[in-house]
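To keep things clear, I will list the structure first and then write my remarks on it.
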Amino acid sequence: GENVEQHPSTLSVQEGDSAVIKCTYSDSASNYFPWYKQELGKRPQLIIDIRSNVGEKKDQRIAVTLNKTAKHFSLHITETQPEDSAVYFCAARGNDMRFGAGTRLTVKP
Amino acid sequence: NAGVMQNPRHLVRRRGQEARLRCSPMKGHSHVYWYRQLPEEGLKFMVYLQKENIIDESGMPKERFSAEFPKEGPSILRIQQVVRGDSAAYFCASSPGQAYQETQYFGPGTRLLVL
């Protein structure tokens, strides 16, 4: 089955800086890669996703890149704001969905 | 269009009791997934169900846990004889179908506390 690894586990940045979270996956059949943001005590919310036929996708301050050859994908947040502070999960889906362990992002004002 | 609904939001049980967690998928969604999130940890897949069918239960503990998604009504995750280690947040998610790249939408979760 799929195995997803996520790094770093914690990330602290200054407001306005960029944040990058990286994930690797093992199942070459995986074709869909969503990213979820989970604020404390709340449900995971989908923030962006990418499919295997696309190398990059951007939505305002958030972008995701996918390298299928290397089996890794990354989340990029630019111009970070304190409200970006949360835990971020990557996931990869082939026959089932597997999540990374999460990255706790703290944006310091 | 109401989102994924879960109830109860909080559930307290004593060791040995049963816990029943309910999940109503988004309207038009026929596929339900259950995940467990231990404190300070990520989301662990438990089970994937369609109406009246368990498609993948590879993440379910072999004992005490069961899930169903009847033709009518919500999906139920049932934990028998709960132990302290079952304390966690249980999230369900739904998707329209099992096309290869379906987006899953999460419910608010049920936070189970076993005393």
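Order-wise, the sequence lines are chains A and B. Per my numbering: the first sequence = residues 725 to 833. Per my numbering: the second sequence = residues 10 to 124. Using N, Cα and C, we set each Cβ at its ideal position, and we do this for glycine too.
Under the DSSP assignment, THR119(B) falls in the beta strand (DSSP E) whose first and last residues are 119–123.
For the C-beta of THR119(B), not a single chain A residue is nearer than 7 Å; the gap to the nearest is close to 11 Å.
Residues of the same chain with a CB within less than 6 Å of the CB of GLN90(B), apart from the 5 flanking positions on each side, are GLY25 and ARG73 in chain order.
Taking CB atoms only, SER103(B) has no neighbour in chain A less than 9 Å away. Chain-ordered, the chain B residues with CB closer than 8 Å to the CB of ARG822(A) read PHE54. Assignment of ARG31(B) by DSSP, reduced to helix, strand and coil, places it in the strand class. With fewer than 16 other CB atoms across the displayed protein chains lying within 10 angstroms of its CB, LYS36(B) is exposed. Neighbourhood of GLU50(B) in chain A, by CB distance below 9 Å: ALA825 and GLY826, in chain order. When 7 Å is used as the limit between beta carbons, GLY37(B) is near no residue of chain A, the shortest such separation being about 17 Å.
Burial check for ARG45(B): the Cβ neighbour count within 10 Å reaches 16 or more, so the residue is buried. By alpha-carbon distance to LYS832(A), the top candidate from PRO732(A), ALA743(A) and LYS782(A) is ALA743(A). In the three-state reduction of the DSSP assignment, GLU66(B) falls in the coil class.
Listed by position along chain A, the residues whose Cβ is nearer than 7 Å to that of TYR57(B) are ASP820. Within the same chain, and ignoring the five residues on either side of PHE823(A) in sequence, the residues whose Cβ sits closer than 6 Å to its Cβ are PHE813 and ALA815. Residue contact with chain B for PHE813(A): present (Cβ-Cβ distance below 9 Å to some residue of chain B).
Contact note: PHE78(B) does not reach chain A at a C-beta cutoff of 8 Å; the least C-beta distance is about 16 Å. By the Cβ criterion, the segment 784–803 of chain A is not in contact with the segment 15–32 of chain B, since fewer than three pairs of Cβ atoms, one from each stretch, lie closer than 8 Å. A contact between stretches requires three or more CB pairs, one per stretch, nearer than 8 Å, and the segment 746–761 of chain A meets this requirement with the segment 789–803 of chain A. No Cβ-Cβ contact shorter than 9 Å links GLU729(A) with TYR760(A).
Across the segment 767–779 of chain A, CB contacts with chain B closer than 7 Å involve ARG767, PRO768, LEU770, ASP773 and ARG775, in sequence order along the chain.
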